[in-house]
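*Asks:*
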Amino acid sequence: MNTKHIFQTYAAPFIGILLFLAIWQIGAPKIVTSLGAVPGPVQVFDQFEGLVAEHQAARQKEADFYQRQEERNTEALKEDPKADVTIRPYTGKATFFDQIWTSIFTVMTGFVLAGLIAIPLGIVAGLSQTVYSAINPLIQLFKPVSPLAWLPIVTIIVSAVYVSDDPMFAKSFVTSALTVLLCCLWPTIINTTVGVANISKDLQNVSKVLRLSWWTHVRKIVLPSAIPMIFTGLRLSLGIAWMVLIAAEMLAQNPGLGKFVWDEFQNGSSNSLGRIIVAVIVIGLIGFALDRGMLLLQRHFSWDKSAALR
Amino acid sequence: MTTTTNQADHLLISQVSIDFPTPQGPYRALDKVNLRINKGEFVSIIGHSGCGKSTVLNIVAGLYKATEGGVILDGREVDEPGPERAVVFQNHSLLPWLTAYENVELAVKQVFKGKKSKAEMKAWIEHNLHLVHMDHAMHKRPDEISGGMKQRVGIARALAMEPQVLLLDEPFGALDALTRAHLQDSMMEIQADLGNTVIMITHDVDEAVLLSDRIVMMTNGPAASVGDILEVNLPRPRNRVEMAELPEYIRCRHAVLKFLYERHGRKEEAIPSTKKEEGELEKGNIVALKSVLTKAA
Ligand SMILES: Nc1ncnc2c1ncn2[C@@H]1O[C@H](COP(=O)(O)OP(=O)(O)OP(=O)(O)O)[C@@H](O)[C@H]1O
Ligand SMILES: [Mg+2]
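Those sequence lines, one after another, are chains A and B.
Heads up, the first sequence is in my numbering, so the first residue is 19 and it goes up one at a time.
Heads up, the second sequence is in my numbering, so the first residue is 4 and it goes up one at a time.
Next up, the structure:
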């Protein structure tokens with residue numbers, strides 16, 4: 019019984035991964051593409067190390083670049099204390115790891131903004147049949163729209179509206195984040211609405227007998243009852259957000275992991291396939307980590323710590 | 004509307020009828036229910052399942068709106084729910100994410116905001132939990148306490164609102180006989196202390212006779228109404244063991260049973276279930292007796 023449990027929780031996943039790697043290693047070289055044979059796990063790992071080395075080299079270059087400027091400036095100041103010294107920012111090519119951070123930052127921005135809109139809207143729609151009837155057709159209409167359809171609209175609108183001499187964020191970032199927002203709004207709205215609308219009749223009666231104010235009612239009764247459904251919605255949204263972002267970055271050539279994949283695809287060197295596979299694995303791992311993060315948050319906010327969350 | 008606080012006019016249920024919309028058209032659940040309740044009176048409502056007892060209570064609570072007629076409390080018409088008519092719901096209805104203390108606190112904060120200081124509120128919450136003997140498990144959440152304890156917290160929450168009328172919907176219905184006897188005794192003590200007006204729905208004939216000043220017997224639905232009202236002239240404080248032998252107790256019990264099973268019994272169950280019910284009641288009495296003995300020991 020107990021050994022079986024240990025086998026199921028630890029050994030089985032390990033064996034599964036090992037089998038997958040073995041099949042990959044054996045099968046991959048048999049498929050020969052225009053860029054050479056498909057790389058196996060060992061070659062992919064080499065590519066990963068290559069990417070790490072590239073990143074470190076770029077960081078070194080950046081540090082050197084700033085140091086040279088510092089030196090030049092101090093010399094200039096020595097000769098003429100009134101010299102006009104500036105430090106120009108480093109503008110090297112973004113490395114794989116830079117792209118990872120860009121993507122994570124973008125997805126979190128879009129997702130958090132979506133949550134800030136979706137949760138209050140869902141609560142109001144769950145409490146008021148009128149509001150629900152008003153927004154339900156719009157939700158049903160926009161929910162199935164593909165991110166690839168939103169992207170051109172968002173791009174054009176952002177170009178037209180977001181004009182500033184000294185923009186705080188790059189246009190590409192705004193476009194990606196807004197596309198993510200538009201696509202991941204819906205599951206959170208729908209699930210929050212359902213969660214709020216299904217609050218037990220008895221608890222609603224308690225609230226009425228106590229004459230709780232609207233705000234206290236929401237805080238003490240609505241939110242705690244709806245938390246599980248809100249989180250179900252948020253986790254669905256975050257999953258969608260991550261998928262949408264990679265697609266949007268590829269299509270729009272906006273900085274991020276999607277662009278990295280696209281660039282490698284266009285590049286077509288013998289290393290490209292391996293690097294793309296590295297990116298795919300990293301995308302999967304980040305998606306997984308994001309979902310686990312949401313689960314931890316849910317555990318933190320959930321009043322029922324004994325509930326099995328998966 | 005007169006605002007004379009004549010004792011007899013404390014709570015007036017006047018010509019109350021209600022129609023529920025159904026796919027087959029309106030369903031008249033209650034038809035012209037009339038009831039006059041004095042201040043400090045303990046009234047039970049008894050009747051067959053589905054006759055409309057909860058509906059009456061919900062109308063008094065303000066949770067349902069009567070189609071015709073209305074409810075007047077101390078000269079003012081009831082048109083919405085409020086803490087002066089506290090309800091103890093059939094299934095306790097505690098907020099599962101709050102502890103017993105916090106559940107009562109929510110009610111106390113709502114009712115005494117600006118009237119009691121923080122320390123006074125704390126003392127008041129603890130006092131009410133003490134009344135129902137819940138001091139030891141005050142900081143536990145509903146899923147960590149037994150059904151009887153949850154029901155007691157529900158009662159404490161209602162009492163803490165200092166309601167003019169306490170509405171109890173089968174408050175002890177889901178409990179075992181022992182726990183029920185304990186809570187009935189506590190309820191009698193508390194009511195003797197505080198003198199609240201109480202309306203209690205029950206299925207249990209002995210409970211009704213033991214606790215009530217008057218028992219309202221409802222006819223079967225649809226279009227249920229008050230069938231008969233029975234005065235229980237038993238001295239207080241009442242001890243369940245002594246009561247059981249008094250002729251008045253036996254008379255009342257008999258009258259209620261007669262109403263329920265002969266005049267308003269469902270035809271198919273009228274005869275056999277009368278006997279069965281009597282047997283069960285006998286059993287119930289023995290259990291209650293035992294409970295008192297164990298309590299005394
Ligand atoms: N919201 C509602 N909509 C439609 N019909 C209702 C509604 N509430 C109650 N009824 C109907 O009114 C009748 C009385 O219901 P009520 O809940 O008051 O019965 P009850 O006497 O409390 O029964 P029980 O003893 O089983 O709790 C029932 O026939 C029920 O189906
Ligand atoms: Mg009922």
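Backbone N, C-alpha and C define an ideal beta-carbon position, used for all residues, glycine too.
What number of angstroms, rounded off, separates the C-alpha of Thr51(A) from the C-alpha of Trp321(A)?
*Replies:* Rounded to the nearest angstrom, the two C-alpha atoms are 54 Å apart.
*Asks:* Do you know whose CA, among Thr70(B), Met246(B) and His13(B), lies nearest Ile21(B)'s CA?
*Replies:* Thr70(B)
*Asks:* In the DSSP output, which residue or residues are listed as bridge partners for Val168(B)?
*Replies:* Arg88(B) and Thr200(B)
*Asks:* Run the Cβ filter for me: residues under 7 Å from any heavy atom of ligand 2, listed in the order they occur in the chain.
*Replies:* For ligand 2, the selected residues are Lys56(B), Ser57(B), Gln93(B), Asp172(B), Glu173(B) and Ile204(B).
*Asks:* Just to confirm my understanding: we take Ser276(B), look at its own chain, exclude 5 residues before and 5 after, and list those with CB closer than 6 Å. What are they?
*Replies:* At Ser276(B) the pLDDT is 37, less than 50, meaning the model places this residue with poor confidence; the figure from the coordinates comes in the next sentence. Around Ser276(B): no qualifying Cβ.
*Asks:* Answer yes or no: the CB of Cys54(B) versus the heavy atoms of ligand 1, is any distance below 7 Å?
*Replies:* yes
*Asks:* Chain B partners of Ile239(A), CB-CB under 8 Å?
*Replies:* Those are Leu98, listed as they occur along chain B.
*Asks:* Could you list the residues in the stretch 111 to 132 of chain B with a C-beta less than 7 Å from some C-beta on chain A, going in chain order?
*Replies:* For the stretch 111 to 132 of chain B, which is checked against every Cβ of chain A, the residues closer than 7 Å are Gln113.
*Asks:* How would you write the range of the alpha helix (DSSP H) that Asn20(A) sits in, first residue to last?
*Replies:* Asn20 to Ile24
*Asks:* What does a CB cutoff of less than 8 Å around Asn94(B) pick up in its chain, not counting 5 residues either side in sequence?
*Replies:* Here the set comprises Ala177.
*Asks:* With distances taken between CB atoms, is the gap from Ala64(B) to Leu170(B) smaller than 8 Å?
*Replies:* yes
*Asks:* Distance cutoff 8 Å, beta carbons only. Does Asp220(A) sit that close to anything in chain B?
*Replies:* yes
*Asks:* Please classify Ser218(A): does DSSP put it in a helix, a strand, or coil?
*Replies:* coil
*Asks:* Anything in chain A within Cβ reach of Asn94(B), meaning under 8 Å, just list it in chain order.
*Replies:* Asp220
*Asks:* What's the C-alpha gap between Ala30(A) and Gly45(A)?
*Replies:* Taking the straight line joining both Cα atoms gives about 22 Å.
*Asks:* What are the residues in the stretch 142 to 175 of chain B lying within 7 Å of chain A by C-beta distance?
*Replies:* Those residues of the stretch 142 to 175 of chain B that come within reach of chain A (Cβ to Cβ, closer than 7 Å) do not exist; the list is empty.
*Asks:* What's the gap between the Cα of Leu134(B) and the Cα of Ala195(A)?
*Replies:* 57 Å
*Asks:* Which one of Val244(B), His257(B), Ser215(B) and Gly117(B) has the shortest CA to CA distance from Gly43(B)?
*Replies:* It is Ser215(B) whose Cα lies nearest to the Cα of Gly43(B).
*Asks:* Under 7 Å between beta-carbons, which chain B residues line up against Leu230(A)? List them in chain order, please.
*Replies:* Under a criterion of Cβ atoms nearer than 7 Å, the residues of chain B adjacent to Leu230(A) are, in order, Gln113.
*Asks:* Between which two residues does the alpha helix (DSSP H) carrying Gly45(A) extend?
*Replies:* Where Gly45(A) is concerned, the enclosing alpha helix (DSSP H) starts and stops at Ala30 to Gly45.
*Asks:* Quick check on Ile49(A): does DSSP put it in helix, strand or coil?
*Replies:* coil
*Asks:* Hey, would you say Leu213(B) sits closer than 8 Å to Arg243(B), going by beta carbons?
*Replies:* yes
*Asks:* Report yes or no: do the stretch 80 to 90 of chain B and the stretch 237 to 253 of chain B share at least 3 C-beta pairs separated by less than 8 Å?
*Replies:* Output reads no: the stretch 237 to 253 of chain B does not touch the stretch 80 to 90 of chain B.
*Asks:* Under 8 Å, Cβ to Cβ, is there at least one residue of chain C near Pro185(A)?
*Replies:* Note that chain C does not occur in the displayed structure, where the protein chains are A and B.
*Asks:* Less than 7 Å between the CB of Tyr30(B) and some heavy atom of ligand 1, yes or no?
*Replies:* yes
*Asks:* Does DSSP classify Ile137(A) as helix, strand or coil?
*Replies:* It is helical.
*Asks:* Where Gln164(A) and Asp98(A) are concerned, what is the direct C-alpha to C-alpha distance, given to the nearest angstrom?
*Replies:* For the record, residue 164(A) in the displayed sequence is Ser; it is not Gln. Looking at the two C-alpha atoms, the distance is approximately 60 Å.
*Asks:* Taking a Cβ distance cut-off of 7 Å, strictly less, list which residues of the stretch 72 to 87 of chain B are near chain A, in chain order.
*Replies:* Pro84, Gly85 and Pro86
*Asks:* Cα separation between Leu313(A) and Ala215(A)?
*Replies:* 23 Å
*Asks:* Give a yes or no on whether the minimum CB-CB distance between Ala64(B) and chain A is below 8 Å.
*Replies:* Answer yes: the Cβ-Cβ gap between Ala64(B) and chain A drops below 8 Å somewhere.
*Asks:* Identify whether Tyr30(B) lies in helix, strand or coil by the three-state DSSP scheme.
*Replies:* Strand, per DSSP.
*Asks:* Taking the DSSP output, what are the residues bridged to Val74(B)?
*Replies:* Ile16(B)
*Asks:* Any idea if Val192(A) is buried or exposed, counting beta-carbon neighbours within 10 angstroms, 16 or more meaning buried?
*Replies:* buried
*Asks:* Decide if Asp34(B) is buried, meaning its Cβ has at least 16 other Cβ atoms within 10 Å, or exposed.
*Replies:* buried
*Asks:* Could you round the C-beta distance between Gly292(A) and Gln65(A) to whole angstroms and report it? I think they count as a contact, below 8 Å.
*Replies:* 4 Å
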